[in-house]
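Written out below as structure tokens is the structure these notes cover.
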Amino acid sequence: MLWWLIAGTRGGINRARIINELHSRPYNANQLAKNLDLDYKTVRHHMDVLRKNNVVKCSGEGQYGTVYMLSSIMKENFDSFKEIWKESEDI
465 MLWWLIAGTR
475 GGINRARIIN
485 ELHSRPYNAN
495 QLAKNLDLDY
505 KTVRHHMDVL
515 RKNNVVKCSG
525 EGQYGTVYML
535 SSIMKENFDS
545 FKEIWKESED
555 I
């Protein structure tokens with residue numbers, strides 16, 4: 465599932481960048497958009513995809529300023545994520 469989200473779909477590179485950014489600390493969508501030079505709506509779309517796939521979780525759902533963080537499952541599998549991201553760059 466993680467491979468599909470990163471390397472197997474359009475937008476996977478941006479999702480990988482978001483995951484990598486959230487590894488350091490939680491952010492809201494506006495902060496992620498600014499840090500990654502992405503459109504706010506693009507970040508929100510990717511956050512919805514990542515939430516539905518249990519990669520990220522959030523606090524204050526549905527409110528402006530909702531804070532996103534990696535799920536415990538993603539934290540446990542972060543090394544696998546790094547390998548997938550590296551492999552996807554070679555595709």
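In our numbering, the protein residues as written are 465 to 555. Think of the CB as a built atom: it goes at the ideal place given N, C-alpha and C, for glycine as much as any other residue.
| Query | Result |
| --- | --- |
| Looking at the unbroken alpha helix (DSSP H) that takes in V507, where does it start and where does it end? | 504 to 516 |
| Is S419 helix, strand or coil by DSSP? | Outside the shown range of the chain (465 to 555) lies residue 419, about which nothing can therefore be said. |
| Where does I492 sit, in a helix, a strand or coil, going by DSSP? | Note that residue 492 is Asn in the sequence shown here, rather than Ile. Residue state, collapsed to three classes: strand. |
| Going by the CB atoms, is the gap between N541 and L466 shorter than 8 Å? | yes |
| Nearest to V455 by alpha carbon, out of A497, D501, G472? | Lying before the first or after the last residue shown, residue 455 is absent from the chain, which here runs from 465 to 555. |
| Nearer than 7 Å: is that true of the beta carbon of V531 relative to any heavy atom of the ligand FMN? | Of the ligands one can find in the structure shown there are none, so the ligand FMN has no counterpart to examine. |
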